[in-house]
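S.K.: Structure in structure tokens, see below.
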Amino acid sequence: MEFNVRPPGRNCSISGRAFRPGESCWSVLVEKNGEIVRQDIAEEHWQGPPEGAIGHWRCPANAAPESQRLKLDAESLFEYFLQLQESPNVVQRQYRYVLALLLLRKRRLVLEEVVEVEERPAMRLVGSAGEGPFDVQEEELTEDEIGRLQQQLFQTDRAAA
């Protein structure tokens, strides 16, 4: 019998803790709701295979190396957002829109309302420390374009560090 098993996860199935580079874990296959599911368990949480396990083994955990972990601090993003505030450049407006979305997710910006600016929908945002308001026009970007712009932001941040 052949199984299609996903590669090791980046987090322990028990604790949710991210695996560290070079760490080993235990992987176990179990049946849940008629499907074969892989669970990766940190060594400190391993108590042997659960009852009814199909198989188990020890393997290297799939930890992302520190250099690949993409981290952007909200204040740095906010400073960049402010720098792009009056930019007429289309690409920089797109960056500003993506930055606004990231800052909303990080709760550094708060959506006050949706307004129209130059006959286009825009988000009226305020900073979590009372800055603003800022009107950010919606950009018609595909998921791929948003992903590309985010990736470029991460690379820019890493180069500046």
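Numbering-wise, the sequence shown is residues 15 to 175 according to the numbering used here. We treat Cβ as the ideally placed atom computed from N, Cα and C, and that holds for glycine.
Would you give the residue range spanned by the beta strand (DSSP E) that residue 53 belongs to?
M.R.: Indexing the sequence shown from 1 puts residue 53 at position 39. Residue 53 -> beta strand (DSSP E) spans 49-56.
S.K.: Counting Cβ pairs, one atom from each stretch, are 3 or more of them under 8 Å apart for the stretch 92-107 and the stretch 140-157?
M.R.: Counting Cβ pairs under 8 Å, three or more are found: they touch.
S.K.: Any idea what DSSP makes of residue 158, helix, strand or coil?
M.R.: Start at 1 with the first residue of the sequence shown, and residue 158 comes out as number 144. Residue 158: helix per DSSP, three-state reduction.
S.K.: Nearest to residue 106 by alpha carbon, out of 45, 166, 40, 20?
M.R.: Start at 1 with the first residue of the sequence shown, and residue 106 comes out as number 92. Closest option to residue 106, Cα to Cα, is 166.
S.K.: Let me make sure I understand the geometry here. Which of 163, 33, 39 has the alpha-carbon closest to that of residue 60?
M.R.: Along the sequence shown, one-based indexing puts residue 60 at 46. Answer by Cα proximity: 39.
S.K.: Check whether the Cβ atoms of residue 76 and residue 135 sit closer than 8 Å, and answer yes or no.
M.R.: The residue you call residue 76 lines up with position 62 of the sequence shown. The residue you call residue 135 lines up with position 121 of the sequence shown. Taking 8 Å as the Cβ cut-off, residue 76 and residue 135 do not qualify as a contacting pair.
S.K.: Could you round the C-beta distance between residue 68 and residue 44 to whole angstroms and report it? I think they count as a contact, below 8 Å.
M.R.: The sequence position of residue 68 within the sequence shown is 54, counting from 1. The sequence position of residue 44 within the sequence shown is 30, counting from 1. With a contact defined as Cβ atoms closer than 8 Å, residue 68 and residue 44 qualify at about 7 Å.
S.K.: How far does the alpha helix (DSSP H) with residue 136 in it extend, from its first residue to its last?
M.R.: The residue given as residue 136 occupies position 122 in the sequence shown. Here residue 136 belongs to no alpha helix (DSSP H); instead the beta strand (DSSP E) covers 134-141.
S.K.: I need the straight-line Cα distance from residue 164 to residue 158, nearest angstrom please.
M.R.: In the sequence shown, the residue the question calls residue 164 occupies position 150. In the sequence shown, the residue the question calls residue 158 occupies position 144. C-alpha separation (whole angstroms): 10 Å.
S.K.: Would you kindly check if the distance between the Cβ of residue 71 and the Cβ of residue 90 is under 8 Å?
M.R.: Here residue 90 refers to the residue found at position 76 of the sequence shown. Here residue 71 refers to the residue found at position 57 of the sequence shown. Result no, Cβ atoms of residue 90 and residue 71 do not sit closer than 8 Å.
S.K.: Would you kindly work out how many angstroms separate the C-alpha atoms of residue 124 and residue 143, rounded to a whole number?
M.R.: Within the sequence shown, the letter at position 110 stands for residue 124. Within the sequence shown, the letter at position 129 stands for residue 143. Here the alpha carbons of residue 143 and residue 124 stand approximately 10 Å from one another.
S.K.: With 16 as the cutoff for other CB atoms within 10 Å, does residue 54 come out buried or exposed?
M.R.: As a first step, residue 54 is located in the sequence shown; it is residue number 40 there, counting from the start. Its Cβ being crowded by 16 or more others within 10 Å, residue 54 is buried.
S.K.: Taking only the alpha-carbon atoms, compute the straight-line gap between residue 20 and residue 162 and give it to the nearest angstrom.
M.R.: Stepping through the sequence shown from its first residue, residue 20 is reached at position 6. Stepping through the sequence shown from its first residue, residue 162 is reached at position 148. Cα to Cα, the separation comes out at about 26 Å.
S.K.: Where does residue 33 fall in DSSP's three states?
M.R.: On the sequence shown, position 19 is the one that residue 33 refers to. Residue 33 falls in the coil class under three-state DSSP.
S.K.: Taking only runs that begin and end inside the stretch 94-132, name each unbroken alpha helix (DSSP H) of 4 or more residues, in chain order.
M.R.: 104-119
S.K.: Which whole-angstrom value describes the C-beta separation of residue 152 and residue 111, a residue pair presumed to lie in contact below a C-beta threshold of 8 Å?
M.R.: Along the sequence shown, read from residue 1 onward, the residue named residue 152 stands at position 138. Along the sequence shown, read from residue 1 onward, the residue named residue 111 stands at position 97. Contact flag correct, Cβ pair sits at about 7 Å.
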